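Chemist: Counting from 110, one number per residue, gives the positions in the sequence shown under the numbering used here. All C-beta atoms in this analysis are idealised placements derived from N, C-alpha and C, irrespective of residue type, glycine included. Keep in mind that this is a model prediction, so the values were computed, not measured. Below is the structure I would like to discuss, written out as structure tokens.
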Amino acid sequence: MRRGAAALCVLLLAASLALAQARALSIEVGPIGVLSAGEHAEVVVEVHAEPAARGPLLVTPSVDGAAVQVVRGRLFRFDAEDPDGDPLRFRVPITAMSVGTAVLLIRVDGHACEGTHCEPVEAEVRRTIVVR
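Listed below in structure tokens is the structure:
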């Protein structure tokens, strides 16, 4: 009986943490127009963090494709325009390298805490960038 109750508690805790992780962080990416080869641009990224996930954050932009290059591949909470704001607004510098398309991936990692228990949380978003 005790083993069943303990297993149920573990399952409920895991389910609640998974639900918290799903809601803890969300990402919005501003519009990205068509770029010209050689052009430098900034992609505006807004990160919404629930109160439980308002600790340290790591924003990792990366690109799949040779048409675009990320100039700065790691941003932290203190790199936001207002590190205490919600949403956190980041400016991700990119360079259009050559004609083609690339997929920009923005990944945000942090922790959601409830009391003394913290769990890692993450969110990802992808956007296609066209270079002409």
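Taking only the alpha-carbon atoms, compute the straight-line gap between E190 and V152 and give it to the nearest angstrom.
Modeler: Within the sequence shown, residue 190 is the residue found at index 81, counting from 1. Within the sequence shown, residue 152 is the residue found at index 43, counting from 1. Roughly 13 Å between the two C-alpha positions.
Chemist: What's the gap between the Cα of A175 and the Cα of E155?
Modeler: Position 66 of the sequence shown, counting from 1, holds the residue named residue 175. Position 46 of the sequence shown, counting from 1, holds the residue named residue 155. Each residue's Cα considered, the two are about 25 Å apart.
Chemist: Are V212 and D173 closer than 9 Å when you measure CB to CB?
Modeler: Walking along the sequence shown from the start, residue 212 turns up at place 103. Walking along the sequence shown from the start, residue 173 turns up at place 64. A contact, by the Cβ cut-off of 9 Å.
Chemist: Give the range of the beta strand (DSSP E) segment to which L213 is assigned.
Modeler: Residue mapping note: residue 213 aligns to position 104 of the sequence shown, counting from 1. Looking at the DSSP string, the run of the beta strand (DSSP E) that includes L213 is 209-223.
Chemist: Give the secondary structure of P165 by DSSP, where H, G and I count as helix, E and B as strand, and everything else as coil.
Modeler: To locate residue 165, count along the sequence shown from 1; it is residue 56. In this structure, P165 counts as coil in the three-state DSSP scheme.
Chemist: Closest Cβ-Cβ distance between P140 and chain B: below 9 Å?
Modeler: In the structure shown, chain B cannot be found, because there is only a single protein chain.
Chemist: Which residues in the same chain have their Cβ closer than 8 Å to the Cβ of A131, if we skip the five residues on either side of it in sequence?
Modeler: Position 22 of the sequence shown, counted from the first residue, corresponds to residue 131. Note that A131 has pLDDT 49, beneath the 50 cutoff, so the model's placement of it is unreliable and the number below is only indicative. Closer than 8 Å at the Cβ level, and outside the excluded window around A131, lies no residue.
Chemist: Span of the beta strand (DSSP E) holding I238?
Modeler: Counted from its first residue, the sequence shown places residue 238 at position 129. 226-240 is the span of the beta strand (DSSP E), which, as asked, contains I238.
Chemist: Where DSSP assigns a beta bridge to A150, which residues make up the other side?
Modeler: Looking up residue 150 in the sequence shown gives position 41. I203.
Chemist: What is the DSSP secondary structure of A133, counted as helix, strand or coil?
Modeler: Taking the sequence shown and counting its residues from 1, one reaches residue 133 at position 24. Helix, per DSSP.
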